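Its first residue numbered 1, the sequence shown is counted upward by one per residue in UniProt numbering.
Each remark here refers to the structure printed beneath this line.
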Amino acid sequence: MSSSKSDCESISSSASFSPSHSSEDHPETSAIRQALSGHSSDGKTIQYMDRRRRNNEAAKRCRANRRAVFEYRSRRVQLLENENEQLKEEIAKLKREVEQFKSLLTTQSTTDSQ
């Protein structure tokens with residue numbers, strides 16, 4: 001995922017839920033109340049409810065996708081950490097082998113020169 005905000009992470013600046021703001025401060029809130037109370041035309045209420053349903057479904061998919069990506073990355077991190085440990089052990093083993101061969105060569109070169 002990129003560091004920029006995705007559709008499911010963007011937050012409307014006008015959607016404040018602080019108790020100091022009344023519904024009159026936000027036209028969206030009053031439109032919601034009007035649509036739900038039936039003061040609006042029936043077509044607009046159905047349209048609003050359909051929009052809300054689709055938004056809820058999209059939010060649910062977004063949360064599920066985010067959760068799946070997090071779980072995938074967590075498993076991937078664990079696998080890479082395990083692989084990293086194995087590679088470090090192999091490096092240490094190979095370094096010991098190199099030292100043994102150097103020691104063997106040094107021993108052989110001193111015995112050959114005598």
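We put the CB at the ideal spot given by N, CA and C, even for glycine.
Note that this is a predicted model, so its numbers are computed, not measured.
Query: Mark Arg-52 as exposed unless 16 or more other C-beta atoms lie within 10 angstroms of its C-beta, in which case mark it buried.; Result: exposed
Query: Give the straight-line distance between the Cα atoms of Phe-101 and Thr-107, rounded to the nearest whole angstrom.; Result: 10 angstroms
Query: Helix, strand or coil: which one does DSSP assign to Gln-78?; Result: helix
Query: Given this structure, state the Cα-to-Cα distance separating Ala-59 from Gln-86, to the nearest angstrom.; Result: 41 angstroms
Query: Is Arg-54 near the ligand MG, with its Cβ less than 6 angstroms from a heavy atom?; Result: Judged by which ligands are present, the structure shown has none, so any question about the ligand MG falls away.
Query: Quick check on Gln-114: does DSSP put it in helix, strand or coil?; Result: coil
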